[in-house]
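Undergrad: The listed protein sequences derive, respectively, from chains A and B.
Per the numbering used here, the first sequence runs over residues 1 to 399.
Per the numbering used here, the second sequence runs over residues 1001 to 1399.
There are 2 protein chains.
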Amino acid sequence: MTFKYLLADRTVNMKASAIREALKVLMRPGMISLAGGLPAPESFPVDLIEEICTKVLRKYSTQALQYGPTEGFPPLREAVVGLLAERGIDVTADRVIITTGSQGSLDSLGKILISKGDPVAVEAPTYMGALSAFNPYEPSYISIATDDNGVIPEELDNLLRKTSVKFVYLIPTFQNPSGRTTTLERRQQVAEIITRHNALLVEDDPYSALRFRGEALPTIKSMAPDNVVYLTTFSKIMAPGLRLGICAAPPDIQNWMVLANQGINLHTSTFDQAIASEYLAGGYLKRQLPKIVEVYRPKLLAMLEALDKYFPDSFRWSRPDGGMFVWAEGPDGFNADDYYMPAVESGVAFVSGQYFYTRPGDGLNTMRLNFTNADVPTIHRGVRILAEVLKSKPVSVGK
Amino acid sequence: MTFKYLLADRTVNMKASAIREALKVLMRPGMISLAGGLPAPESFPVDLIEEICTKVLRKYSTQALQYGPTEGFPPLREAVVGLLAERGIDVTADRVIITTGSQGSLDSLGKILISKGDPVAVEAPTYMGALSAFNPYEPSYISIATDDNGVIPEELDNLLRKTSVKFVYLIPTFQNPSGRTTTLERRQQVAEIITRHNALLVEDDPYSALRFRGEALPTIKSMAPDNVVYLTTFSKIMAPGLRLGICAAPPDIQNWMVLANQGINLHTSTFDQAIASEYLAGGYLKRQLPKIVEVYRPKLLAMLEALDKYFPDSFRWSRPDGGMFVWAEGPDGFNADDYYMPAVESGVAFVSGQYFYTRPGDGLNTMRLNFTNADVPTIHRGVRILAEVLKSKPVSVGK
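1. List, in order along the chain, the chain A residues whose C-beta lies closer than 9 Å to that of B/Pro1125?
2. Which chain B residues are close to A/Trp410, counting only those with a beta carbon under 8 Å from its beta carbon?
3. Measuring only the C-alpha atoms, how far is B/Val1383 from B/Leu1369?
4. Rounded to whole angstroms, what is the Cα-Cα separation between A/Val397 and A/Leu34?
5. To the nearest angstrom, report how far apart B/Ser1143 and B/Val1122 are at their CA atoms.
6. Could you give the C-beta distance for B/Tyr1357 and B/Leu1048, rounded to a whole number, given that I count them as a contact under 8 Å?
7. Which bits of chain D does B/Gln1103 rub up against, with CB to CB less than 8 Å?
8. Does the Cβ of A/Gly117 have 16 or more other Cβ atoms within 10 Å, making it buried, or fewer, making it exposed?
9. Is the segment 92-100 of chain A touching the segment 241-249 of chain A in the sense that three or more CB pairs, one from each, lie closer than 8 Å?
10. Measure the alpha-carbon distance for B/Tyr1310 versus B/Ala1387 and round it to whole angstroms.
11. Just tell me which of B/Tyr1169, B/Tyr1279, B/Leu1184 and B/Ala1328 has its CA closest to the CA of B/Ser1105.
12. Since A/Pro119 sits in a beta bridge, which residues does DSSP pair it with?
13. Quick one: measure Cβ to Cβ for B/Leu1242 and A/Phe271, integer angstroms, because I've assumed they're closer than 8 Å.
14. Check the Cβ-Cβ distances between A/Ser222 and every residue of chain B, and say whether any is below 8 Å.
15. Would you mind working out which of A/Pro360, A/Asp321 and A/Pro331 sits nearest A/Gly214, comparing C-alpha positions?
16. Spell out the partners DSSP gives A/Ile32 in its beta bridges.
17. With 8 Å set as the bound, which would you pick, yes or no: does the beta-carbon of A/Ala142 sit closer than that to a beta-carbon of chain B?
18. Taking 8 Å as the limit between beta carbons, can you name the residues of its chain near A/Lys111, skipping five residues before and five after?
19. Output the distance between the C-alpha atoms of B/Thr1062 and B/Gly1282, rounded to the nearest integer angstrom.
20. Give the C-beta separation of A/Val229 and A/Thr70 to the nearest angstrom, bearing in mind that I take them to be a contact with Cβ-Cβ under 8 Å.
21. Closer than 7 Å, Cβ to Cβ, to anything on chain A: give me those residues from the segment 1042-1057 of chain B, in chain order.
22. Between the Cα of B/His1197 and the Cα atoms of B/Met1341, B/Val1165, B/Pro1045 and B/Ser1318, which residue gives the shortest distance?
23. Jot down the residue ranges of each uninterrupted alpha helix (DSSP H) in the segment 1309-1357 of chain B, minimum 4 residues, whole runs only, in chain order.
24. B/Met1341: buried (16+ other C-beta within 10 angstroms of its C-beta) or exposed?
25. With distances taken between CB atoms, is the gap from A/Leu156 to A/Val202 smaller than 8 Å?
26. List, in order along the chain, the chain A residues whose C-beta lies closer than 8 Å to that of B/Asp1111?
27. Determine, for A/Ile253, whether the minimum Cβ-Cβ distance to residues of chain B falls below 8 Å.
28. Am I right that B/Thr1268 and B/Gly1072 are in contact with their C-beta atoms under 8 Å? What's the rounded C-beta distance?
29. Could you check whether B/Leu1280 and B/Leu1083 sit closer than 8 Å to each other, using their CB atoms as the reference points?
30. With distance defined between alpha-carbon atoms, name the residue in B/Pro1074, B/Met1014, B/Ile1114 and B/Leu1026 nearest to A/Val12.
31. Would you give the residue range spanned by the beta strand (DSSP E) that B/Asp1204 belongs to?
32. Less than 8 Å between the beta carbons of A/Gly330 and A/Ser352, yes or no?
33. Measure how close the beta-carbons of B/Ile1379 and B/Ala1306 come, nearest whole angstrom, since I'm counting them as under 8 Å.
34. Starting from the N-terminal side, write out each stretch of the beta strand (DSSP E) that is 3 residues or longer and does not extend beyond the segment 243-311 of chain A.
35. If we define contact as Cβ-Cβ less than 8 Å, is A/Ala239 a contact residue for chain B?
36. For B/Gly1030, collect the residues of the same chain with a Cβ closer than 8 Å to its Cβ; drop the 5 residues on either side in sequence, then sort them by chain order.
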């Protein structure tokens, strides 16, 4: 029996994430994964969480287990104010909401803003999870060109002159998938352009706390507070399994998101929110974050060193100061997908960059390499094996 | 500045839940609430959860904090198989998914099944949260008449003869808001009707474990396994703040729900799922459930006793064997809304039943009374005060 005849029109737009499908091969024993986007488990504060659970249950008792406001657990909304202030975002607790991961914010933004066919502007390449959130609402995507310095402001300005988009979606810092960071000057230009057009920018910022070297850059939200929906998450600074996102949005956008979230899940787990509030307010993040950074720094350096040593001369790659990903580009005519199965058969997995583009045929020569989940020797070995596969196999074979 | 011009068409269908708005008065000091739907905090296993947190972090360590499969944390999917078997639902772990509350299942069902204008059949009255989940997908609702014995099978059959609905949504046991339970004979008839029409039934069952007297009735899922999406939740048997729903659906419906949930929130909190898996597998539920029932039984009895003693003769009300709500009906011409503010001014709050109907003007003479959140003397006093308000004020005043 099938119920296919009952499906809504939008459901044809839902596809299994290519990454999630690709990740199935990762279950093979001995597979080296440069493919996923999993944080390093050794960065998770298991002992602190155990301590915090006890603290939270004694402090809040049944309140930590009860239904709560859709907007978020009040002590957590209070606690994130300081975190946002460090990023130049000046808001009070009532101007922040907590969602079920950043993904939860992306879904409710799509829900309240996108009617079928509405234009939404995204970087090329962009985060696949954002596309999964928006796709069911049937937008039409417009790609904004990017280069090593992030999104190209002139391209954004030209786009907004011609088209009234519902919103612009950017990841300015250590972008997923490209690892690129939009420069300070470009951030200022983007802020000016967005404000001048009275457009709405969704600034997704999961990675900025994972900076291993160099100076922090101000958020675009800090430069255009009235026009930016700022998203960040506990996934990279505490643990992703608790599914906690933070959203600071213009007031009416926040109000509609809250209405949408009432229907989506009533609210985000009170208990997880209580844990996160104590993680911030109790000073645990301050203790843990340097440890997280120290887990990742050698991994990034190992990947860059191995790329320098082994990768073909015809390739170039990003050299991020943080985040989780390096972006590699092959020569013209190279198609990363042709090398996926040979690489897997040699014991190493990556993600073809084309899946991060909204326009079919774009980015065929690109690959995303994750450096957070494997250990240093494994990263080294993985890049070496991958380089051998890339060198041994002529570009034309397999097409 | 407003971004109203950016809103999607569907967003006009999102309204703040009337209950949530009504609940704002509950913050007033001394207010007796018969309005909300909050479980009794004294039923929450605070100490057990503390013990389980430690256990889970030692057993699963970082795995309890990592990203997980959209379908659910594998040990929890295993653990709920036994819970479902007790309800006559014979499924393996791969045929169950975990969602962010039952609300999360309702949202993804709406998302995958409802295109604008699609007919969805609901009981009159029905659960407001389900309407909040479905409304953004812009269904047209068809009401199915109910009486003291639950949904009327002949009405359902007539409806399905005439109209191909996307799905039928029922709460057969201790319904919210009416407290009514669909009889065994009617369950069998509903199962036969749904199967004969090859229709899809969403059987929402949050309350059946909260049975204070009488014999458990089999689920409709157990009688029509291929045509029923069965939903239940940890909200009433553990704690609602953890937002954990269980869904056993036909295979293709499950697959599409999982695709939708990838975009909605990636997955439900791994940590909360790990806690729930231990709550079931470690035998904690077996210890706790009788205590929960004993918390509620005297509250229900106190409410029924007070209604018998104080309520006007012109009223009738449901006499549930469990759940969280009693449903009171006034005489023809009585409008519960006229009594809401006078009752609040006298210090007691309830919910007007009309908000649980999809057709404006239906159910004006009805009220939902919650008996789980207040203590026994307060329930007694609340009903007494409410009865005085209902008696003192002529029906026509305030219109």
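Glycine included, each C-beta is placed from N, C-alpha and C at the ideal position.
Just so it is clear, the structure is predicted and the values come from calculations on it, not from any experiment.
TA: Judging by the given coordinates:
1. Chain-order list of chain A residues neighbouring B/Pro1125: empty, with the shortest C-beta distance near 18 Å, by a criterion of under 9 Å.
2. With chain A running from 1 to 399 in the structure shown, residue 410 of chain A is simply not present.
3. Whole-angstrom Cα-Cα distance: 9 Å.
4. Legend: pLDDT at A/Val397 = 44, less than 50; position of this residue unreliable, no value from coordinates given.
5. Distance from the CA atom of B/Ser1143 to the CA atom of B/Val1122, rounded to whole angstroms, is 5 Å.
6. Contact doesn't hold; Cβ gap of about 39 Å is too wide.
7. The chain inventory of the structure shown lacks chain D, comprising the protein chains A and B.
8. Exposed, by the Cβ-count rule.
9. Yes: at least three Cβ pairs fall under 8 Å.
10. B/Tyr1310 and B/Ala1387 have their C-alpha atoms spaced approximately 6 Å apart.
11. With distances taken between Cα atoms, B/Ser1105 lies closest to B/Tyr1169.
12. A/Pro119 pairs with A/Ser140.
13. Right, their Cβ atoms sit about 5 Å apart.
14. A/Ser222 does not count as touching chain B.
15. Checked all of A/Pro360, A/Asp321 and A/Pro331; the closest Cα to A/Gly214 is A/Asp321.
16. In the DSSP output, where bridge partners are listed per residue, A/Ile32 has A/Val348.
17. A small correction: the amino acid at residue 142 of chain A is Ile; Ala does not occupy that position in the sequence shown. Not one chain B Cβ lies under 8 Å of A/Ile142.
18. Within the same chain, and ignoring the five residues on either side of A/Lys111 in sequence, the residues whose Cβ sits closer than 8 Å to its Cβ are Tyr137, Ala260 and Ile264.
19. Going from the Cα of B/Thr1062 to the Cα of B/Gly1282 covers about 20 Å.
20. Not quite, the Cβ-Cβ distance comes to about 17 Å (not below 8 Å), so this is no contact.
21. Answer in chain order: Phe1044, Val1046, Ile1049, Glu1050, Cys1053, Thr1054 and Leu1057.
22. Answer by Cα proximity: B/Val1165.
23. Within the segment 1309-1357 of chain B, the complete alpha helix (DSSP H) runs of at least 4 residues are 1340-1345.
24. With fewer than 16 other CB atoms across the displayed protein chains lying within 10 angstroms of its CB, B/Met1341 is exposed.
25. The Cβ atoms of A/Leu156 and A/Val202 do not sit closer than 8 Å to each other.
26. Looking at the sequence provided, one finds Lys at residue 1111 of chain B rather than Asp. Those are Ala8, Arg10, Thr11 and Pro136, listed as they occur along chain A.
27. It does: the Cβ of A/Ile253 has a partner Cβ on chain B nearer than 8 Å.
28. Contact check for B/Thr1268 and B/Gly1072: beta-carbon distance about 7 Å, within the 8 Å limit, so the pair qualifies.
29. Taking 8 Å as the Cβ cut-off, B/Leu1083 and B/Leu1280 qualify as a contacting pair.
30. Distance check between A/Val12 and each of B/Pro1074, B/Met1014, B/Ile1114 and B/Leu1026 places B/Ile1114 closest, using alpha-carbon atoms only.
31. Per DSSP, B/Asp1204 belongs to the beta strand (DSSP E) from Leu1201 to Asp1204.
32. It is not a contact, given that the beta carbons lie outside the stated cut-off.
33. About 7 Å separates the beta carbon of B/Ile1379 from that of B/Ala1306, a gap short enough to meet the 8 Å contact definition.
34. Runs of the beta strand (DSSP E) lying entirely within the segment 243-311 of chain A and spanning at least 3 residues, in chain order: 244-248.
35. Yes, A/Ala239 counts as interfacial toward chain B.
36. Within the same chain, Gly1347 come within 8 Å of B/Gly1030 by CB-CB distance, once the 5 residues on both sides are set aside.
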